[in-house]
Every structure is written in structure tokens, then in C-alpha cells.
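Numbering (the UniProt record's numbering), first residue to last: 1 to 605. By construction, the Cβ of each residue, glycine as well, lies at the ideal position given by its N, Cα and C atoms. From a predicted model like this one, the values you see are computed outputs, not experimental measurements. Since the structure comes first, as C-alpha cells, the remarks are kept for the end.
This is the structure we're talking about:
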């Protein structure tokens, strides 16, 4: 990859700064690229901290904002948030593509940061200016008017800028931080690990502040002030990032690695009628560029139809360096095996899409559960904001990761004789089992909350939505804790899985692959909620997902998702048994990823 350093006194030509990430070109002097990792780290960590302070709390509390300030229905608000989440995550694939192909990580993060500032500013204006949001509902539900077309358009424009920001920042920030350290020295590698440690620490700190202080200001003091604070934080994030420009090492884009994938598919299609040779390992075109950073992969018989892309015919010509003259007709075994790596992870990826529904519900309908439960802290009048209960999910994840890494894994090593204790697919499976338990507990708690509200006692009314059950909202902690525990297994394992199983040159896309799964889940969740809302409506117009949870049957919906998760678990077990790890014959990959790296990226979902 090409790297340029703004600290150089003279402008180096691009051909003189061509440096591999893992291999330095002998034609380049070592001092031409000045890695200033420790000095650059405060600017990158600062950017990430302020960005999370500005966005996490706001997005977590957006359901409450849409239903109380914009007078949206719970179904409408949930669907809008699901679509927003989905678009943010799906956009990371586009952001990774433009970053790796055209603009580089620095320019992508910079542009995305400015977009995020504009998005937060627009959201702040929707709360601060009365003309930009509907009038309060008051006590008469007949006078509760939703947003006008103009108000909704202005709100959606803010969401649009936030989508652009998330699409650029999420796939690039960790990789850009790692770019600041020299991977060829021991101090550089230690610096990278230190960066991931500090990244995770500041990430956790920022999320906790957002889900407590900022959410409290928004829900109990003023939405205008509560949104202005994260907008200012996002502005600081942008400022801090650009202040460090002169000391950053910037990796120049080299073009999309997806081109090689398309070439294999095209070449295999052109030669689909040809028969494979009897000894493919010896007869197929075998070439690997000396400049490639990818590891050499052995020949496999999986997806044999792709092997036809490496069949040498009289029409194919080989260049003097051993490469194919026309890569759209002839591809190497290495290229074919790299494509197989991508194709083989798709079934596992599909299982993840259904799994994410559980985490999605903990961010949406669990908030509605909290809104209609007793959120008072003890006997005081202080009420914990509904969105703040999601912090218990993160606390569970944060507490479990070091316990698992330091205590559980060493114990498992003695039993399984494997370096990681259990394989990444086994970790995914454990998390999916816990996800089933999460939905069962959620259904039981919701049934209890509803029963108390209908037959025992209530303590007030939530706007127009119904009575508040006297059951303490702290009973939501078990389902949140289980969701965090499930995430600590499955999401962390998925990050590790995609990181290890994708070719090295496509690891940015591997991360985006995870986000795309979350995106599709958000769209699917929105679709499923709409179907359930329509098909379960009775003669009186009440359905399982009614505005007033006391009149609906959210617990039935949770049981429906439980059944779906059980079916998905069975599908996953079949796929996991079939799967063969990259470069092995079913054995666990030997690649090692720092636990701090995995855990820090897990909550980007």
C-alpha cells in the first residue's frame, strides 16, 4: 500500500512512497515514512471519544424523542429507527469501498465527521425551534397531531447526514488508528495493542456517559439542550481529528479488491462448459503476485465450479512475470481460493442476520417496556430514563469479556487443548443459545409487567400510551444482562471470524460484511413488526404490538421471536458442521486477534 506522511519536509512522489503494510519496498528508505503512533493516538482517540459522546446517547434515546416530541406511533418510530440503523450499517460497505478504492481513510473519516456534525445540528434545531416539530399532545388524544411533511423532511435530512457520517467513520476509524504504528517493529506492534486498549476504554466511558448524563438531560430537562450537548461534542470530535492532520500517516488507496472477485466469477462463467483436469493441483494456473499481502491458500474441492476460472486454454496467454495476460479469462488458484473464502462464510453470515433480531429488540421494545414500568430510583421521585436501561447490556458485555479471557479460556485450554479454548463457531453457538434464553426471559418479564398493570396497581400514565405498571423497571436487567452476555460470545466471535476468514486484502470489507448483516436484520425486523401489527389485529383494533403495551401482547411477539431463534440455531449448527476454516481442513484457524481489538469493535453494531 502507498503511505504518505505529512511530516516530510519535501513532497515525495507517489512511486517513491510505495510501501506495503506488511512489507517495505527495498527502494524506499526507512525514514521516508515517519510513524508517530503515540503522538497521533490522542487525536484519533479524542475524535472517537467525542463522536461516541455525541451520537450513542442521542440515537439510543431517539425512540423516546420520536414518540414524545414528534408524536409518532410506536410502530412508526420503531420502523423509522430500524431503517435508520439498517442504512447506517449497510452504508459501511459503501464507505469501505470508497475509502479503499478512491479517497483513503483520512479523507473518508474527515468527510464523514463533518457530515455527522451537520446531522446532529439539524436534530438539535428540530427540538429548539417550535416550528420544526409538532405541538405537544396534552391530555386530549384527539388533539395529538403528528409531524407535517416539512417537519418530517427536515428531521429525515438530519438522519441522512448521520447515515453518511456512520458509513464513513465505522469501517475506517480502527484501521486508521492502526495505520499510525509501524507493523514491522516490536514497539509498533505494542503501540497498536495499546491503541486498541485505550480505544476500548474510552469507548466504554463515552457510551456510559451518553446513556446516563446526556439521556437524562434530554428526557428530564430539555430536548434542545440535550441534543445541543452531543452536537457540540461531535463538533469537538471533528476539530480534534483535523488538528492532528500534520502528524498522521496516511495509507493511499490501491483500488478495490472486489475486482479480483468479479474476475473469478466472470472467468468461471466463460469456461463453465470445460471439464476440470484429473489433477487440478498440478494443471490449473498457479500464480501469486510477489506484492500480495494475502497468505498462500491450498487448493480445495469446495465450490468446484469456481476452479474452472483457473483452467489454461490455448486462448490464454501468460506474461513474462508469470501473471495472466487477460485476468478476465484466466485467474490463479490463489484468486479462486480467496473467492471461496468469501462464498463459504455467507451461510454463517445469514445465521447472524436472524440472531441480531434479539439485540435489535433490546434497543427498541425493551425501551417501551421501561417506559411503562416503574422507573423511580427507590422511594425518591427521580426517574431513570427509559433508554438508560440499555447500559446494563453493555455492562454485562464489558464485565464478561475479561472474565472469559483471563479465567474461562485458560480453563478451557486444559480441556480442549486448543489455544483459544473453543473455536469461533462454537462461541457463536453459545451466544445463540443465550439469545434464546434472553427472549424467553423477556417474554416472562413482560407478561408479569402487564399483569401487574392490569390487575394490581399502576403509578401514572405515559403520555397517551397507557398506564405505568408498578412493577420496577429493574426487572428488565436480567434480559439486558443476558443480551450482553450473548453479544459477548456471538458478536465478538463474528468479528474474529470475518477478520480471520476473509483474505487479508479484504479485511475492511470483512468488517463491513458484519455491518451489512446488521443492516438487513434492521430491515427484516421492521418488516416483521409491520406484518405482526397487521395480522394480529382483533375486531376492536388492538394487536400484539399496540401503542399501549398493557392492551397488546408483546410477550407473544417475544415468544414468536424465540421460536425463530430456535430454528436459526438449528440452521447454524448445520452450517457450522459443514464449514471448513480458511487454509485448513476443518481445523481451527491459527490466526490470533487481540481480545481488546475484538471487544472494541463489537459494540459498533
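For residue 124, which of 111, 159, 113, 106 has the nearest alpha-carbon?
Answer by Cα proximity: 159.
With 16 other Cβ atoms within 10 Å as the buried cut-off, status of residue 545:
Buried: at least 16 other Cβ atoms inside 10 Å.
Which value, in whole angstroms, describes the spacing of the CA atoms of residue 514 and residue 574?
Cα to Cα, the separation comes out at about 20 Å.
Ordered along the chain, which non-local residues of its own chain (more than five positions away) have a Cβ less than 7 Å from that of residue 365?
So the list reads 554, once near-sequence residues are dropped.
Could you check what DSSP says for residue 467 in three-state terms: helix, strand or coil?
Under the three-state reduction of DSSP output, residue 467 falls in the strand class.
Nearest to residue 64 by CA position, among 286, 48, 127, 333, is which residue?
In terms of CA proximity to residue 64, 127 leads the group 286, 48, 127, 333.
Hey, residue 425 and residue 348: beta-carbon distance below 9 Å or not?
Yes, Cβ-Cβ distance for residue 425 and residue 348 is below 9 Å.
Please determine, among 163, 148, 146, the residue with the shortest C-alpha to C-alpha distance to residue 90.
When each option's Cα is compared against that of residue 90, the closest is 163.
With 16 other CB atoms within 10 Å as the buried threshold, where does residue 603 fall?
In this prediction, residue 603 has a pLDDT of 38, which is less than 50 and means its spatial position is unreliable; nothing more can be read from the coordinates.
Leaving out the 5 sequence neighbours to the left and right, which residues in its chain are closer than 6 Å to residue 493 when beta-carbon positions are compared?
424, 427, 428, listed in sequence order.
Exposed or buried, what is residue 281 when buried is set at 16 or more other beta-carbons lying within 10 Å of its beta-carbon?
So residue 281 counts as exposed.
Would you check if there are 3 or more beta carbon pairs closer than 8 Å linking the region 267-274 to the region 105-124?
Judged by Cβ distances under 8 Å, the region 267-274 makes no contact with the region 105-124, as fewer than three pairs qualify.
Go to residue 72, then tell me how far its beta strand (DSSP E) extends in each direction, as first and last residue.
Per DSSP, residue 72 belongs to no beta strand (DSSP E) and is neither H nor E.
Let's see if you can read the secondary structure: which residues bound the alpha helix (DSSP H) around residue 250?
Careful: residue 250 lies outside any alpha helix (DSSP H), inside the beta strand (DSSP E) at 250-252.
According to DSSP, residues forming a beta bridge with residue 458
Beta-bridge pairing links residue 458 to 469.
Alpha carbon of residue 368 to alpha carbon of residue 433, nearest angstrom
The straight-line gap from Cα to Cα measures roughly 25 Å.
Grab me the residues of residue 85's own chain with a C-beta within less than 6 Å of its C-beta, minus the 5 sequence neighbours each way, in chain order.
Cβ within range, chain order: 522.
Taking the C-alpha atoms as reference points, what is the distance between residue 114 and residue 166?
Separation of residue 114 and residue 166 (C-alpha to C-alpha, rounded to the nearest whole angstrom) is 11 Å.
What's the C-alpha gap between residue 594 and residue 206?
At residue 594, the pLDDT of 37 sits below 50, so the modelled position is not reliable; the number obtained from the coordinates is stated separately. Their Cα atoms are separated by approximately 22 Å.
Closest Cα partner of residue 285 within the set 337, 577, 351, 292
Of 337, 577, 351, 292, the residue nearest in Cα terms is 337.
Can you find at least 3 beta carbon pairs, one from the region 561-568 and one from the region 327-343, that sit closer than 8 Å?
Between the region 561-568 and the region 327-343, the count of Cβ pairs shorter than 8 Å is below three; the stretches do not touch.
First and last residue of the alpha helix (DSSP H) that includes residue 353?
For residue 353, the enclosing alpha helix (DSSP H) has its first and last residue at 333-363.
Buried or exposed: residue 102, going by 16 or more other Cβ atoms within 10 Å of its Cβ?
Exposed: under 16 other Cβ atoms inside 10 Å.
Going by alpha carbons, who is nearest to residue 297 out of 510, 528, 332?
Proximity to residue 297 across 510, 528, 332 peaks at 332, based on C-alpha coordinates.
Using the three-state DSSP reduction, which class does residue 91 fall into: helix, strand or coil?
Here residue 91 sits in helix by DSSP.
Beta-carbon proximity of residue 512 to residue 253, cut-off 9 Å:
No; because the gap between Cβ atoms is not below 9 Å, this pair is not in contact.
So the candidates are 220, 161, 562; which of them puts its Cα closest to the Cα of residue 381?
The option with the nearest alpha carbon to residue 381 is 220.
State the DSSP-derived secondary structure class of residue 376, mapped to helix, strand or coil.
It is a strand residue.
Could you tell me which residues DSSP puts in a beta bridge with residue 606?
Given that the chain is displayed from residue 1 to residue 605, the structure contains no residue 606 and the question cannot be resolved.
At the level of alpha carbons, what is the spacing between residue 66 and residue 75?
Rounded to the nearest angstrom, the two C-alpha atoms are 11 Å apart.
Just the Cα atoms here: how many angstroms apart are residue 469 and residue 450?
Approximately 7 Å, taken between the alpha carbons.
Can you tell me the Cβ-Cβ gap for residue 498 and residue 484, rounded? I've got them flagged as a contact below 8 Å.
Incorrect: roughly 21 Å between the Cβ atoms, too far for contact.
On a Cα-Cα basis, can you pick out the residue from 223, 68, 39, 356 that is closest to residue 120?
Nearest C-alpha to residue 120: 223.
Cα separation between residue 408 and residue 414?
Each residue's alpha carbon lies about 10 Å from the other.
Which parts of the region 90-164 are runs of the alpha helix (DSSP H), unbroken and 4 residues or longer, counting only runs that do not cross its ends?
Within the region 90-164, the complete alpha helix (DSSP H) runs of at least 4 residues are 104-128.
Give me the Cβ distance between residue 561 and residue 361, rounded to the nearest whole Å; I'm assuming they're in contact under 8 Å.
Taking 8 Å as the upper bound for CB-CB distance, residue 561 and residue 361 are in contact here, some 7 Å apart.
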